[in-house]
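Accompanying notes for the structure given below.
There are 2 protein chains.
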Amino acid sequence: MEKTGGELSKVSVCLSPVLFYQYAEQLDSDCIVVVIDVLRATTTIASALNNGASGVKAVSEVSECIEVAAQLNGVAGGEREGKVAPGLEHGNSPLEYTRELLGGRPLVLTTTNGTRLLNLAQKHSPKQIITGAFVNLDAVVTHIRAEKKLSESNRLNVVLACAGWRDSVCLEDSMFAGAVVSRLRETGDFQIQCDSAQTVESLYNSAKSDLYENLKSASHFQRLAKLNLFDDLRFCLTPSTINLVPLFNVDTGLLISKVL
Amino acid sequence: MEKTGGELSKVSVCLSPVLFYQYAEQLDSDCIVVVIDVLRATTTIASALNNGASGVKAVSEVSECIEVAAQLNGVAGGEREGKVAPGLEHGNSPLEYTRELLGGRPLVLTTTNGTRLLNLAQKHSPKQIITGAFVNLDAVVTHIRAEKKLSESNRLNVVLACAGWRDSVCLEDSMFAGAVVSRLRETGDFQIQCDSAQTVESLYNSAKSDLYENLKSASHFQRLAKLNLFDDLRFCLTPSTINLVPLFNVDTGLLISKVL
């Protein structure tokens, strides 16, 4: 199965943080991890960077969020159950973090599963950790392809890590992973042998003609729809409106913008 | 969302034994668990019962398998890595357990993930535990529908539990779960709100025109194909050739045949 010349580049999909340990072996210096939390953390991260945030720090707890934001002279925000987290002024809406609000400062965002995945991935020192969402789909794919070309061995494994909802598999994160798998398969430069990757690619292909319509049945879509967050949903499910990749800096713990 | 008259009947899909704990709350006396290990454990269980085995006992270890088979005057069998488990005479081929070999005796089968799921499910005392595979797809669906009608409240939750491969999500188990979801949805009597259920239903719909062809890319298909087990694969992936449901008996720990 392996290509000659060490060019094996595998794409794998991790459907829940609970399953992440299975991908540990792959997380070496030839591997990019893409953390995915479409509704809404990784959409908000891309949006805030696009609106001039100097970086985004993802933290688990509200108290840590407030403390770190004070240290960094940043904006503190985050959600619990789809609403602004108690104790914070700002939530997790990608539309909330405007240029005016951010003023070039960093955003400190409290998330649960997304942050957990960032921490898990860091332990294994992959080549890079980035975040992905439909809003920066093209950018994520372009970045991965460019990194593969840049690598000495022309080898680059990719682990698409879905944050899900309280460890459950989520339709929207799975579907975004499927979108990336589909595009990487089309290039002919990547091997897609992971069963989860094949599953989500099929899911994406069945839904890509109208992501918004086809994601209406997703449990987290319905949760946000009950809170009337339709503008957020529309923004999160419109592909490739933002042309940057949030890139995790191991030294500072900040996600910073790589404009493509 | 809930129907009136306590008729809520939910279908959920658990994609890996690692995720099973998330379904614990649903596992009450109104819930059927379907354990799925298409290649090949749950196919072999259905096949052995169809060929006259008086019951099937699933155990984890080879030593236990030999001991229990001696106690029950049964046939011991099982696989490790797709091959006959070291120490046993018979493997995990559904074609191996003929009427001649079985002679009306029980089969004691050593499996890993399937047995683990049976044990996990038992702890929560659901209404029933059955096993499913493509070979008894129609029977599984017919049985579930009949049990719903028989229940006093006309309420029956269903958890479709995929065994996977070493905790990884498997294409064939996911696809079988999708086949059951698809058929239960068509009845109009079940709610399909679980994101995993929607994912596997989409997967099944994309592949149902030719299961065998579409499962050739599955990692466990390829593992068995390398061992030239094409007859087994063909048998495992041909739907509804066996009209019974293996039903777990809590008192004896045996799966026994319910002929439909």
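Line order of the protein sequences matches chains G and V. Per the numbering used here, the first sequence starts with residue 519, numbered consecutively. Per the numbering used here, the second sequence starts with residue 519, numbered consecutively. Using N, Cα and C, we set each Cβ at its ideal position, and we do this for glycine too. Remember, it's a predicted structure, so these values are computed and weren't measured experimentally.
Under the three-state DSSP convention, the category residue i falls into
i: I795/G; result: Limits of chain G in this structure are 519 at one end and 778 at the other, which puts residue 795/G out of reach.
i: A566/V; result: helix
i: C754/G; result: helix
i: F708/V; result: coil
i: T628/G; result: strand
i: E719/G; result: helix
i: C688/V; result: coil
i: I760/V; result: coil
i: A679/V; result: strand
i: K641/V; result: coil
i: A576/G; result: strand
i: G523/G; result: Here the model assigns G523/G a pLDDT of 44, short of 50, so the residue's position is not dependable, and the following value carries that caveat. Helix at G523/G.
i: Q773/V; result: According to the sequence provided, residue 773/V is Leu. The question's Gln does not apply to it. L773/V: strand per DSSP, three-state reduction.
i: S724/V; result: helix
i: Y539/V; result: helix
i: V531/G; result: strand
i: L765/V; result: strand
i: A736/G; result: coil
i: G621/V; result: coil
i: V653/G; result: helix
i: A594/G; result: strand
8 Å Cβ cutoff met for residue i and residue j
i: V577/V; j: P764/V; result: no
i: L526/V; j: R673/V; result: yes
i: S700/V; j: Y730/V; result: no
i: E704/V; j: L557/V; result: no
i: S775/G; j: L606/G; result: no
i: T562/V; j: L627/V; result: yes
i: G609/G; j: G596/G; result: yes
i: C680/V; j: I554/V; result: yes
i: S735/G; j: Q589/V; result: no
i: N569/G; j: Y539/G; result: no
i: L778/V; j: N761/V; result: yes
i: T756/V; j: F652/V; result: yes
i: F857/V; j: I647/V; result: Residue 857/V cannot be examined here, being either before or after the span of chain V that is shown, 519 to 778.
i: V552/V; j: L702/V; result: no
i: I710/V; j: K645/V; result: no
i: L745/V; j: F739/V; result: no
Under 7 Å by beta carbon: chain G residues contacting residue i
i: Q716/V; result: L689 and S735
Option in the options with minimal Cα separation from residue i
i: V687/V; options: Y541/G, T560/G, E690/G and S572/G; result: Y541/G
i: L636/G; options: I710/G, V626/G and T649/G; result: T649/G
i: L742/G; options: S530/G, F652/G and R598/G; result: R598/G
i: G654/G; options: L625/G, Q646/G, T630/G and A697/G; result: Looking at the sequence itself, residue 654/G is Asn, so the reference to Gly does not match. Nearest C-alpha to N654/G: A697/G.
i: V531/G; options: E719/G, S737/G and V777/G; result: E719/G
i: V536/G; options: N631/G, I550/G and G570/G; result: N631/G
i: F694/V; options: D685/V, S714/V, E670/V and N675/V; result: S714/V
i: D548/G; options: V593/G, F538/G, L625/G and K667/G; result: K667/G
i: R634/G; options: A657/G, V658/G, G682/G and G595/G; result: G682/G
i: T560/V; options: D769/V, D750/V, F538/V and R623/V; result: D750/V
i: S643/G; options: K744/G, E543/G, S534/G and L533/G; result: E543/G
i: E618/G; options: V586/G, Q640/G and A571/G; result: A571/G
i: G600/V; options: G622/V, V768/V, S737/V and S758/V; result: S737/V
i: V676/G; options: V768/G, P612/G and V658/G; result: V658/G
i: A664/V; options: Q640/V, F708/V, R623/V and D685/V; result: F708/V
i: L613/G; options: S565/G, L620/G and A594/G; result: S565/G
i: E582/G; options: K641/G, S758/G, L625/G and S724/G; result: L625/G
i: D656/G; options: V768/G, S758/G, S534/G and L533/G; result: S758/G
Cβ of residue i within 8 Å of any chain V Cβ
i: Q711/G; result: yes
i: L533/G; result: yes
i: T756/G; result: no
i: T629/G; result: no
Contact with chain G by residue i, beta-carbon distance below 8 Å
i: V536/V; result: yes
i: L742/V; result: no
i: E520/V; result: Because E520/V sits at a pLDDT of 40, beneath the cut-off of 50, its placement in the model cannot be relied upon, and the point is left open.
Within chain G, partners of residue i - CB distance below 9 Å
i: Q544/V; result: The premise fails here: Q544/V is roughly 12 Å from chain G at the closest Cβ pair, so nothing lies under 9 Å.
i: S692/V; result: D713, S714 and T717
Cross-chain neighbours of residue i in chain G, by beta carbon under 8 Å
i: D685/V; result: L537 and Q540
i: S724/V; result: S720, N723 and S724
i: L773/V; result: Here the premise fails: no neighbours, minimum Cβ distance about 26 Å.
Residues that residue i contacts on chain V, provided the C-beta gap is smaller than 8 Å
i: L620/G; result: Going along chain V, no residue has its Cβ under 8 Å from L620/G, so there is no contact; the nearest lies around 32 Å.
heavy atom of the ligand FAD below 7 Å from residue i C-beta
i: E607/G; result: As for the ligand FAD, it is missing from this structure, which has no ligand bound.
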